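Trainee:
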Amino acid sequence: MSIKFLLFIGLGYLLYRLAKRGIQKKIARFIAPFAPPQNPPPAPPADKLVQCAACGVFVAEQKSVCKGGQHYCSVDCGNKA
Ligand SMILES: [Zn+2]
780 MSIKFLLFIG
790 LGYLLYRLAK
800 RGIQKKIARF
810 IAPFAPPQNP
820 PPAPPADKLV
830 QCAACGVFVA
840 EQKSVCKGGQ
850 HYCSVDCGNK
860 A
């Protein structure tokens, strides 16, 4: 094992990595027209959904009406229960 040999191996590995990346890009470009358009990443859940205890509708926790430890979609539902 000489240093030259190790350098040669390292260089070969680098070239391999570069070639692999280049091939992947070419394949991606070739496939792109056939691949379905990428959906935007799903937005992080802004609000936790809670179920209305009266009518069963799901509503954002911040918009829900809290009454007696239960969540309601509206004041009307809260009064009904
Ligand atoms: Zn309701």
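With this note's numbering applied, the sequence shown covers 780 to 860.
Beta carbons: idealized from backbone N, C-alpha and C, even for Gly.
Predicted model, so just to flag it, every value in this text is computed and none were measured.
Does the Cβ of V836 lie closer than 7 Å to at least one heavy atom of ligand 1?
Mentor: Counting from one through the sequence shown, the residue named residue 836 turns up at place 57. Answer for V836: yes, Cβ within range of ligand 1.
Trainee: Give a yes or no on whether the C-beta atoms belonging to A860 and A833 are separated by under 8 Å.
Mentor: Start at 1 with the first residue of the sequence shown, and residue 860 comes out as number 81. Start at 1 with the first residue of the sequence shown, and residue 833 comes out as number 54. Yes. Within cutoff.
Trainee: Could you spell out where the alpha helix (DSSP H) holding A839 opens and where it closes?
Mentor: Here the question's residue 839 lines up with position 60 in the sequence shown. Run containing A839: none in the alpha helix (DSSP H); it sits in the beta strand (DSSP E), 837 to 839.
Trainee: Please classify G857: is it buried, with 16 or more other beta-carbons within 10 angstroms of its beta-carbon, or exposed?
Mentor: As a first step, residue 857 is located in the sequence shown; it is residue number 78 there, counting from the start. Buried, because 16 or more other Cβ atoms sit within 10 Å of the Cβ of G857.
Trainee: So, with DSSP's three-state summary, where would you put C831?
Mentor: What you label residue 831 is simply residue 52 of the sequence shown in a count that begins at 1. Note: C831 maps to coil in three-state DSSP.
Trainee: Can you tell me where the beta strand (DSSP E) with C845 in it begins and where it stops?
Mentor: Within the sequence shown, numbered from 1, the residue matching residue 845 stands at position 66. C845 -> beta strand (DSSP E) spans 844 to 846.
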